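Chains as they are written, first to last, in our numbering: chain B, 1 to 113; chain A, 1 to 113. Each remark here refers to the structure printed beneath this line.
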Amino acid sequence: GQSLEQPSEVTAVEGAIVQINCTYQTSGFYGLSWYQQHDGGAPTFLSYNALDGLEETGRFSSFLSRSDSYGYLLLQELQMKDSASYFCAGGYILTGGGNKLTFGTGTQLKVEL
Amino acid sequence: EAGVTQFPSHSVIEKGQTVTLRCDPISGHDNLYWYRRVMGKEIKFLLHFVKESKQDESGMPNNRFLAERTGGTYSTLKVQPAELEDSGVYFCASSPNRAGEQYFGPGTRLTVT
């Protein structure tokens with residue numbers, strides 16, 4: 001089946017840089033997305049990589065390496081409001097022609113003063 | 001631009017009753033997805049619509065769940081009859097394409113007692 005692995009918790013100080021890693025299963029995989037979720041609310045789309053390399057969106061960047069079945073989310077200039085859960089989500093093609101996101105278990109980021 | 005909306009935000013029903021959840025996607029988004037999170041586990045895919053057509057419903061847990069998207073606009077997810085294990089948060093997401101950029105609604109928290 002398809003599963004995505006990421007660390008359960010990461011702690012960092014305000015102003016620092018943090019990297020959240022994600023490994024995924026390759027069967028049917030077409031891209032990797034990242035979502036932020038506060039207190040169990042709606043997942044908020046952050047970034048998407050369909051190709052290898054780095055995608056930069058403001059303080060957030062995401063990286064994908066298909067050869068390593070690996071990606072990461074990089075958060076720079078951390079702020080207290082960045083404390084949240086971060087999910088990687090693999091995009092997978094389904095046999096019926098549809099597609100879906102398979103979510104990782106989530107990484108709880110705690111930003112401290 | 002209005003985001004994905006879901007109704008109701010919370011629903012508490014007794015085992016054996018019927019509940020219908022509604023999702024209004026972002027205008028112009030042909031792709032609509034239903035996901036759910038149960039028992040604090042990962043968010044899991046239920047099904048995928050393209051306009052009014054079901055592309056894939058491989059994630060639907062059983063035949064007590066019925067999803068429709070009449071006219072290719074809003075969608076409904078009906079659970080009949082509800083069981084205790086159906087409790088969880090049901091998310092709807094929409095996308096303009098089949099890539100990894102899916103926009104999630106706030107979710108409906110369903111509690112079956």
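C-beta: ideal position from N, C-alpha, C; glycine also. Source: prediction; values computed, not measured.
Given 8 Å as the limit, is there contact between the region 103 to 113 of chain B and the region 87 to 103 of chain A, that is, 3 or more CB pairs closer than that?
no
Neighbour flag for residue 137 of chain B against chain A, beta carbons, 8 Å
Nothing about residue 137 of chain B can be reported from this structure: the residues present for chain B run from 1 to 113 only.
Could you pull out every residue in the same chain whose Cβ sits closer than 7 Å to the Cβ of residue 77 of chain B, ignoring the five residues on either side in sequence?
Contacts found: 15 and 59.
If you run the structure through DSSP and keep just helix, strand and coil, what is residue 100 of chain A?
coil
If distances are taken between C-alpha atoms only, which option among B/112, B/113, B/61 and B/27 comes closest to residue 20 of chain B?
B/61
What are the start and end residues of each continuous beta strand (DSSP E) run of 3 or more residues lying completely inside the region 57 to 81 of chain A, in chain order?
65 to 68 and 75 to 79
I want to check one thing, is the minimum distance from the CB of residue 75 of chain B to the heavy atoms of the ligand ZN below 7 Å?
As presented, the structure is devoid of all ligands, the ligand ZN included, so that no description of it is given.
Please classify residue 56 of chain B: does DSSP put it in a helix, a strand, or coil?
strand
Bridge-paired residues (DSSP) for residue 29 of chain A
Answer is none; residue 29 of chain A lacks a bridge partner.
Residue 51 of chain A, DSSP secondary structure in three states:
Coil at residue 51 of chain A, not helix or strand.
Output the residue ranges of the beta strand (DSSP E) runs that lie fully inside the region 5 to 51 of chain B and measure 3 residues or longer, sorted by chain position.
9 to 13, 18 to 24, 29 to 37 and 44 to 49
I'd like to know if residue 48 of chain B contacts chain A, where contact means its C-beta is closer than 8 Å to some C-beta of that chain.
yes
If the cut is a Cβ gap below 7 Å, which residues of chain A does residue 99 of chain B touch?
48 and 98
Can you list the residues of chain B that residue 89 of chain A reaches, using a CB-CB cut of under 9 Å?
Here the neighbours are 40.
Give me whichever residues DSSP pairs with residue 174 of chain A in a beta bridge.
This structure leaves residue 174 of chain A out entirely; chain A is present only between 1 and 113.
Report the residue from A/103, A/22 and A/90 whose alpha carbon sits nearest the alpha carbon of residue 69 of chain A.
A/22
Determine whether the Cβ of residue 7 of chain B lies closer than 8 Å to any Cβ atom of chain A.
no
Terminal residues of the continuous beta strand (DSSP E) containing residue 71 of chain B?
70 to 75
Residue 32 of chain A classed as buried or exposed, judged by whether at least 16 other C-beta atoms fall within 10 angstroms
buried
Just tell me which of A/111, A/109 and A/54 has its CA closest to the CA of residue 95 of chain B.
Closest option to residue 95 of chain B, judged by alpha-carbon separation, among A/111, A/109 and A/54: A/54.
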